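**Q**
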Amino acid sequence: MRDLSFVGRPIPRPDAADKVAGKAIYIHDLKRPGMLYGKIKYSEYAHARILHIDTSKAERLLGVRAVITAYNTPEVRFGFIRDNVALKKGKVRQFRDEVAAVAAIDPEIAQEAIDLIRVEYEELPGVFDPEEALKEGAPIIHEMDPRGRPKADNIVPVPWRFVAGDVEEAKRKARYIAEDELQTPPISHACLGTAGCIAEFDLQMNLIIHTKTQIPFLAQNDFNRALAQMGLKGKNTRVIVPTLGGAFGSGLDTHGYEYIAILLAYKTGRPVKIVLSREEEFKTLSPRQPTRTKITQGCDENGRLLFREVRMLLDNGAYTSWGATTPSVMMLPISSIYRVPNVFYETKLVYTNNTYCQAMRGYGNPQAAWAIETNLDHLAEEAGIDPMEFRLINKNIPNDISPMGLHITTCGMEECLKAVKQRLNWDEKRGKQRNKARGVGVACLFHVGGSGRVYRSDGTGVILKIDDFGYVTVVTGAIEMGQGLVGALIVATAEALGVTPDRVMVITGDTATCPWDVGTHASRGAFTACNAAIMAAEKARAKIFEIASEHFLNRVKYRLEQQKKKDPNFEMPDLGIKGQLQPEDFDMRENVLFLKSDPGNKYLRVTLDELVREAHFKEQGTMIVTEAFYDPCNQMIDTRTCRGNLSATYIFGAQGAEVEVDLETGHVKILKYVAAHDVGRVINRHTILGQIYGGAVQGMGYALCEEYKSEKGRMLNPNFLDYKILSANDLNFPMEVKLVETIDEAGPFGAKGVGEPGLVAVAPAIANAIYDATGVRITSLPINPEKLALAIRKKRNSK
Amino acid sequence: MKRFDYLMPTNIKEAIEAQLQYGERAKFISGGTDVLVRLKQRALDVDCLVSLRRIPELKGIEANGNTIRIGAMSTFRELIQSQLIKEQLPGLWKAARVLANPQIRNVATIGGNISNAAPSADSVPPLMVLNTNLLIHTPNGLREAALEDFFLGPGKTRLKEGEVLKEIVVNLPPVNCKTFFVKVGRVSQDIAVVNGAMAIELEGDQVKTVKCVLGAVAPTPLRLKGVEQRLLGQKIDPHLLREVQQLAEEEVRPISDVRASAEYRRHLSGVIVRRLIEMATGI
Amino acid sequence: MKRVIHFTLNGFEVEVETESHKMLLDVLRDKLELTGTKEGCGQGECGACTVLVDGVAVNACLFPAFEAEGRSITTVEGLIGEGAKLHPIQQAFVDAGAVQCGFCMPGMVMSAKALLDENPTPTEEEIRAGISGNLCRCTGYVQIVEAVKLASKYIQEEKRG
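Residue numbers (the numbering used here), protein chains in the order written: chain C, 1 to 799; chain Y, 1 to 283; chain A, 1 to 161.
#1: Provide the residue span of the alpha helix (DSSP H) that contains A:Ala151, from first to last.
#2: Mind listing the chain Y neighbours of C:Asn784? Cutoff is C-beta to C-beta under 7 angstroms, in chain order.
#3: Please confirm if A:Val51 has its CB atom under 8 angstroms from at least one CB of chain C.
#4: Closest to A:Cys49 by CA distance: which of A:Gly55, A:Ala60, A:Gln43, A:Val56 is it?
#5: Can you check which of these residues, Y:Ala15, Y:Thr10, Y:Val124, Y:Met8, is closest to Y:Val164 by C-alpha distance?
#6: For a contact defined as C-beta to C-beta under 7 angstroms, what are the partners of C:Lys283 on chain Y?
#7: For C:Asp295, which of helix, strand or coil comes out of DSSP?
#8: Beta strand (DSSP E) containing Y:Phe180: first to last residue?
#9: Are three or more beta carbon pairs between the region 333 to 350 of chain C and the region 304 to 322 of chain C nearer than 8 angstroms?
#10: For C:Asn236, which residues from the same chain have a beta carbon less than 6 angstroms from its beta carbon, with the 5 sequence-adjacent residues on both sides left out?
#11: Rounded to whole angstroms, what is the Cα-Cα separation between C:Met330 and C:His677?
#12: When we look at the beta-carbon of C:Leu314 and count the other beta-carbons within 10 Å, is it buried (16 or more) or exposed?
#13: So, for C:Pro573: in the same chain, excluding its five sequence neighbours on each side, which residues have a beta-carbon less than 6 angstroms away from its beta-carbon?
#14: Beta carbon of C:Asn396, beta carbon of C:Phe652: below 8 angstroms?
#15: Just verifying my parser: in three-state terms, what is the DSSP assignment at C:Pro14?
#16: So with Cβ pairs under 8 angstroms, would you call C:Arg9 a contact of chain A?
#17: Only counting runs of 4 or more residues, tell me where the alpha helix (DSSP H) segments fall wholly within the region 703 to 784 of chain C, in order along the chain.
#18: Across the region 83 to 99 of chain C and the region 41 to 52 of chain C, are there enough close Cβ pairs to call them in contact, namely three or more that are closer than 8 angstroms?
#19: Show which residues of chain Y have a CB atom less than 7 angstroms away from the CB atom of C:Ala110.
#20: Does DSSP put Y:Val50 in a helix, a strand or coil?
#21: When you compare the region 125 to 134 of chain C with the region 55 to 73 of chain C, are there three or more beta-carbon pairs, one atom per stretch, that lie closer than 8 angstroms?
#22: Compute the Euclidean distance between the alpha carbons of A:Leu135 and C:Glu389, then round it to the nearest angstrom.
#23: Let me see if you follow: with CB-CB separation under 8 angstroms, is Y:His137 close to chain C or not?
#24: To the nearest angstrom, report how far apart A:Gly161 and A:His87 are at their CA atoms.
#25: Distance check for Y:Val37 and A:Arg71, CA to CA, integer angstroms please.
#26: Look at the alpha carbon of Y:Leu44 and the alpha carbon of C:Val475, and state the distance between them as a whole number of angstroms.
#27: Mapping the DSSP letters down to three states, classify C:Lys432 as helix, strand or coil.
#28: For chain Y, is any of its Cβ atoms less than 8 angstroms away from the one on C:Ala789?
#29: Measure the C-alpha to C-alpha separation of C:Ile11 and A:Val99 and round it to an integer number of angstroms.
#30: Buried or exposed: which applies to C:Met312, given that a residue is buried once 16 or more other Cβ atoms fall within 10 Å of its Cβ?
#31: Determine whether the beta carbon atoms of Y:Thr281 and Y:Leu224 lie at a separation below 8 angstroms.
#32: From the beta carbon of Y:Tyr264, is the nearest beta carbon of chain A less than 8 angstroms away?
#33: In terms of residue numbering, what span does the beta strand (DSSP E) encompassing C:Trp370 cover?
#34: Taking all protein chains shown into account, decide if C:Phe469 is buried (16 or more other Cβ within 10 angstroms of its Cβ) or exposed.
#35: Would you say C:Asn645 and C:Leu704 are within 8 angstroms of each other, going by their C-beta atoms?
#36: Buried or exposed for C:Thr622, please, with buried defined as at least 16 other CB atoms from any protein chain shown within 10 angstroms of its CB.
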């Protein structure tokens with residue numbers, strides 16, 4: 001491959017300037033003419049029958065334009081299995097259930113109106129623990145399934161079961177076995193920019209909705225279904241995505257507040273804006289799936305893994321979102337991280353009156369990695385093998401097929417592990433610093449790197465257009481949510497096309513004008529969008545070179561003639577061209593076309609914009625617009641066998657930490673952190689580092705302090721005072737990133753996805769380091785100071 | 001937020017009159033970082049806020065012989081930047097530096113922190129271990145109150161209606177008396193899970209005088225008199241330290257809340273008290 | 001109660017009618033339509049609403065509007081120079097790759113300004129303490145700290161050159 005001009009370099013992203021200047025427009029900043037403000041009334045109980053809703057006082061309040069409930073609006077059903085409705089009728093099943101909503105001329109009046117709505121409830125016994133919810137006699141959350149058939153239990157009909165080989169047989173053969181029970185709590189996305197939307201109808205009753213979403217086209221589908229339920233079947237939705245203040249998976253579902261805004265817009269005939277306050281963001285948006293896992297792993301006398309058995313109980317909450325499919329992703333590491341021939345995995349998903357959960361960065365993988373990597377260290381200890389060594393013995397290797405049918409092509413796990421080992425001085429430190437309450441720990445990750453086919457189409461479309469000034473617009477349905485998609489796209493496009501990144505503009509986020517994309521998730525944004533951009537760029541180059549074969553020489557001669565006119569002494573050079581030029585004679589780099597046979601010739605150069613104008617401003621002229629739809633070579637998982645090559649390629653990584661524990665207060669000080677990632681190829685160095693640092697720090701929060709706390713369904717910490725995310729002050733230690741480039745042929749310039757992996761392995765890496773430092777193994781997250789201090793104290797007292 | 005009036009008097013008389021006019025329906029506001037948050041959370045309901053920001057006589061930090069006078073409207077930023085506080089009241093200085101975050105410290109005041117009477121208030125333990133009094137403006141002139149007796153419960157003080165803190169008056173202890181402060185939170189920036197201060201005078205390794213106050217372990221900042229008594233006149237050795245740690249655990253009365261359990265707070269109390277002594281003896 | 005308040009905003013004298021229960025953040029965003037300053041939590045915990053009042057960083061969400069009377073206030077919009085030139089601090093954030101979703105950026109940049117105005121060559125520890133009241137969910141702060149170091153360099157260079 002030829003030298004790359006931009007790929008791999010730190011290129012400033014095009015949206016950075018607007019953001020630091022405060023000019024970027026987020027949903028909070030957007031105003032539409034005639035806009036009203038919507039507010040929502042939430043349930044006062046976790047589980048109750050709605051007896052009566054009195055909206056009369058609210059309706060009479062000056063400035064109120066509409067008050068809606070389930071009783072004066074058409075039913076709008078939504079959700080992954082359509083068990084949720086926009087406004088609740090009959091009963092409420094969780095504290096965040098939406099019971100009524102108001103649209104008013106300003107948000108304060110809307111809130112006042114909400115306070116004036118009186119709802120009478122008959123409280124019902126609630127169930128808040130999935131084990132309790134499975135017992136006979138437990139309160140039933142949904143008495144009917146979404147199709148109207150009666151339901152007598154709390155089991156969610158989205159089961160997952162994976163079997164490879166014979167685990168029972170392997171258990172008999174195993175020399176060492178380790179068994180653990182581990183838990184993870186719900187985790188809030190805690191985006192700095194809260195969720196919100198503005199819904200409005202045009203005069204043909206088509207819906208236009210500006211909203212925070214990562215799935216504009218799936219949302220369009222969801223909203224069209226809502227329109228059909230509202231008597232507007234056949235009408236279309238245009239979803240427009242403003243600048244997003246983070247997302248991390250919170251935009252992978254459509255939410256109640258969006259449907260409510262649509263209903264209010266319909267009722268009032270005006271645009272209606274609903275933006276969640278921070279408290280609402282914590283209380284009414286769905287957090288990361290909590291898990292209870294029983295895991296057993298076993299190995300032979302040489303430390304080779306023989307089996308892995310995992311059973312999970314998942315608290316689904318009161319309704320089902322896309323988050324119910326996290327087991328499909330958890331299956332990846334469970335079946336395929338390290339080489340394990342015998343695997344059993346089963347999950348049970350149970351309704352409770354707790355908040356329902358959705359996707360969050362890693363999509364189940366952090367929860368699975370927590371279990372696997374903690375238990376693996378335990379097993380290594382049983383086997384008397386150093387945990388780093390144990391992982392190297394069992395490492396994934398390139399060109400392998402895993403029990404789930406995943407086609408592993410490139411694999412940098414070994415390099416990643418070795419990088420962590422070396423940079424942490426593993427051999428000098430592991431097992432040797434307990435007297436100083438210091439320790440090192442490592443954990444690996446395995447994730448999709450070439451998208452993940454969870455929907456009927458896994459495609460991303462791109463339109464590429466070049467204007468008369470040589471500026472390139474890339475239009476795509478993929479979403480920029482802060483992760484740096486635009487930063488990767490300008491590099492990949494510039495490199496593939498032959499222009500400079502500053503000439504590339506990215507347009508995203510409008511279903512009416514941008515080509516289809518399934519959604520920005522599974523770390524797929526740069527992978528698919530850049531692949532599509534490269535395809536479109538290659539088509540554009542073909543067109544450019546065809547135009548060049550006709551116009552290049554004319555342009556060159558014209559310039560020479562102009563020069564001769566200006567300067568009569570100018571000597572016309574001999575260009576040395578014989579015969580007609582062909583498209584394959586040309587190349588273009590950094591905005592300039594030249595001949596491959598004579599790249600250094602200063603006369604045989606035409607700029608892109610010159611060429612475009614030559615082709616455009618003539619009779620029967622033409623312009624350069626190309627498109628491509630990239631749908632990766634991956635498969636949907638067969639729901640019976642749970643097998644399939646979910647992704648076009650896979651990513652690997654290893655992370656390690658050196659920690660020092662204050663044995664009395666339980667505080668964990670990270671002394672050094674190393675994140676080594678097989679990224680295929682670095683496209684934009686700025687954005688890839690940002691993703692890994694950012695993911696790792698979210699992982700540290702997951703490991704050490706973040707926890708969505710609730711009691712009987714009521715959230716206890718809906719603010720930053722008590723839902724702690726890490727600040728700059730907590731992170732005063734070196735964080736080293738090692739980027740391993742395995743150059744995967746499926747990826748754009750060899751790149752693989754990188755949005756999620758930074759987060760996946762952090763918690764077990766830190767927990768394993770804590771174990772090395774203290775001899776205490778904590779099996780539930782977060783490992784906050786209280787938990788650790790009391791566990792250490794208990795251990796001391798039991799001696 | 002629900003509507004309220006906002007008054008900005010420029011002298012104490014005006015401020016007190018305004019508060020008396022509204023009675024219970026008015027509250028004084030200094031930095032606003034507690035009051036406004038509680039209003040937004042609907043934990044508080046008022047018709048009027050009376051701002052103390054423009055009353056010059058409530059500001060100022062100065063030494064007066066053996067006394068240091070801190071105007072109630074001194075912000076934590078001002079306390080941190082004051083050489084006087086740094087040198088003469090190091091415990092308070094350390095507390096000021098770890099309270100909340102920089103933006104809050106720039107507007108929050110020591111008078112507000114004290115009046116808000118959170119059991120976890122950071123400025124209180126380092127002041128309470130010294131001989132500290134509060135000078136209070138009342139409708140009928142000034143009165144003085146000991147800081148130690150000032151708190152009645154979480155959010156409750158001996159301030160009556162129409163009363164506002166003017167000054168914190170610290171009588172400096174003897175030169176050999178050193179003050180130490182420790183704060184433990186869940187992360188580096190937090191409301192204290194437990195905080196504590198100790199003012200201690202050593203003669204060699206023998207305790208001449210000692211006062212110890214812990215916060216967030218009782219309805220009000222708590223003086224550990226049992227611990228003090230056990231330490232008085234004693235030589236500090238590892239055995240005594242272990243005993244005192246145990247005593248502290250028994251003396252505190254913490255609750256479990258969303259931040260921490262009573263068990264952990266109890267455990268931390270012992271650790272903090274022992275560490276405060278260790279800091280004093282240079283261990 | 002309503003009142004007209006007068007203050008200096010980004011170097012210009014302004015007059016705004018506002019109500020007694022409003023905060024400075026409401027005045028900036030709703031009345032003056034300066035939406036650069038963001039609301040992240042409304043409770044003084046996240047720093048997204050950081051502005052400078054008489055040069056000192058405060059959370060505008062907890063700063064009563066009436067208190068702006070007679071003060072000099074600087075928002076992120078006030079850092080832009082002639083011809084829409086980014087302030088050196090803003091340029092440093094762009095150059096260091098410190099920007100992701102951007103929601104925390106206006107507040108972060110203002111805290112950085114307050115820090116560098118007071119301490120032009122801070123250590124890494126001082127930088128981290130200076131921005132400790134500004135939460136960021138995207139970046140992990142690493143490139144932000146690099147940006148502040150770079151900003152310090154740019155400012156020193158500007159002073160010399």
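We put the CB at the ideal spot given by N, CA and C, even for glycine. No experiment lies behind these values; they were computed from the predicted model shown.
**A** Based on what the coordinates show:
#1: Along the third sequence, one-based indexing puts residue 151 of chain A at 151. Run containing A:Ala151: 142 to 160, per the alpha helix (DSSP H) assignment.
#2: As a working mapping, residue 784 of chain C is identified with position 784 in the first sequence. Here the neighbours are Arg186.
#3: For the purposes of this step, residue 51 of chain A is taken as the residue at position 51 of the third sequence. No, A:Val51 lies away from the interface with chain C (no Cβ there is under 8 angstroms from its Cβ).
#4: In the third sequence, the residue the question calls residue 49 of chain A occupies position 49. Among A:Gly55, A:Ala60, A:Gln43, A:Val56, the Cα nearest to that of A:Cys49 belongs to A:Ala60.
#5: Taking the second sequence and counting its residues from 1, the one referred to as residue 164 of chain Y is at position 164. Of Y:Ala15, Y:Thr10, Y:Val124, Y:Met8, the residue nearest in Cα terms is Y:Ala15.
#6: To locate residue 283 of chain C, count along the first sequence from 1; it is residue 283. Chain Y residues near C:Lys283: none, gap ~13 angstroms exceeds 7 angstroms.
#7: Sequence index remark: in the first sequence, residue 295 of chain C carries index 295 (1-based). This sequence places Ile at residue 295 of chain C; Asp is not what is there. C:Ile295: strand per DSSP, three-state reduction.
#8: Stepping through the second sequence from its first residue, residue 180 of chain Y is reached at position 180. Unbroken beta strand (DSSP E) run through Y:Phe180: 177 to 184.
#9: By the Cβ test, the region 333 to 350 of chain C is in contact with the region 304 to 322 of chain C, since at least three Cβ pairs between them sit closer than 8 angstroms.
#10: Taking the first sequence and counting its residues from 1, one reaches residue 236 of chain C at position 236. Beyond the five residues adjoining it in sequence on each side, C:Asn236 comes within less than 6 angstroms, by CB distance, of Asn206 in the same chain, given in chain order.
#11: The residue given as residue 330 of chain C occupies position 330 in the first sequence. The residue given as residue 677 of chain C occupies position 677 in the first sequence. Distance between the alpha carbons of C:Met330 and C:His677: 19 angstroms.
#12: Reading the first sequence from its first residue, position 314 is the one you call residue 314 of chain C. It is buried - the Cβ of C:Leu314 has at least 16 other Cβ atoms within 10 Å.
#13: Position 573 of the first sequence holds residue 573 of chain C. For C:Pro573, where only same-chain residues beyond five positions count, the Cβ hits under 6 angstroms are Tyr603.
#14: Indexing the first sequence from 1 puts residue 396 of chain C at position 396. Indexing the first sequence from 1 puts residue 652 of chain C at position 652. The answer is yes: Cβ separation under 8 angstroms.
#15: Residue 14 of chain C sits at position 14 when you count from the first residue of the first sequence. Coil at C:Pro14, not helix or strand.
#16: On the first sequence, residue 9 of chain C is found 9 positions in, with the first residue counted as 1. By this cut-off, C:Arg9 is not an interface position.
#17: 757 to 760, 762 to 774
#18: yes
#19: In the first sequence, counting from the first residue as 1, residue 110 of chain C sits at position 110. Simply none; closest approach about 14 angstroms.
#20: Here residue 50 of chain Y refers to the residue found at position 50 of the second sequence. The three-state reading of DSSP puts Y:Val50 in strand, counting E and B together.
#21: no
#22: Here residue 135 of chain A refers to the residue found at position 135 of the third sequence. Here residue 389 of chain C refers to the residue found at position 389 of the first sequence. Distance between the alpha carbons of A:Leu135 and C:Glu389 is about 38 angstroms.
#23: Counting from 1 along the second sequence, the entry for residue 137 of chain Y is found at position 137. Put simply, the CB of Y:His137 is far from chain C, with every gap to its CB atoms at 8 angstroms or more.
#24: Along the third sequence, one-based indexing puts residue 161 of chain A at 161. Along the third sequence, one-based indexing puts residue 87 of chain A at 87. One C-alpha to the other measures close to 15 angstroms.
#25: If you number the third sequence from 1, residue 71 of chain A lands on position 71. If you number the second sequence from 1, residue 37 of chain Y lands on position 37. About 23 angstroms.
#26: Here residue 44 of chain Y refers to the residue found at position 44 of the second sequence. Here residue 475 of chain C refers to the residue found at position 475 of the first sequence. Rounded to the nearest angstrom, the two C-alpha atoms are 51 angstroms apart.
#27: The residue labelled residue 432 of chain C in the question sits at position 432 within the first sequence. Looking at C:Lys432 - three-state DSSP - the assignment turns out to be coil, as it is neither helix nor strand.
#28: Mapped onto the first sequence, residue 789 of chain C falls at position 789. At a cut-off of 8 angstroms between beta carbons, C:Ala789 contacts chain Y.
#29: As a first step, residue 11 of chain C must be located in the first sequence, where it is residue number 11. As a first step, residue 99 of chain A must be located in the third sequence, where it is residue number 99. Approximately 12 angstroms between the Cα atoms of the pair.
#30: Against the first sequence, residue 312 of chain C aligns to sequence position 312. So C:Met312 ends up on the buried side.
#31: Sequence index remark: in the second sequence, residue 281 of chain Y carries index 281 (1-based). Sequence index remark: in the second sequence, residue 224 of chain Y carries index 224 (1-based). No.
#32: On the second sequence, position 264 is the one that residue 264 of chain Y refers to. Judged by the 8 angstroms Cβ criterion, Y:Tyr264 is not in contact with chain A.
#33: For this step, residue 370 of chain C is matched to residue 370 along the first sequence. Per DSSP, C:Trp370 belongs to no beta strand (DSSP E); it is in the alpha helix (DSSP H), 365 to 383.
#34: The count along the first sequence starts at 1 and reaches residue 469 of chain C at position 469. Exposed.
#35: Here residue 645 of chain C refers to the residue found at position 645 of the first sequence. Here residue 704 of chain C refers to the residue found at position 704 of the first sequence. C:Asn645 is not a Cβ neighbour of C:Leu704, given a cutoff of 8 angstroms.
#36: Along the first sequence, one-based indexing puts residue 622 of chain C at 622. The residue in question, C:Thr622, is exposed, as its Cβ has fewer than 16 Cβ neighbours within 10 Å.
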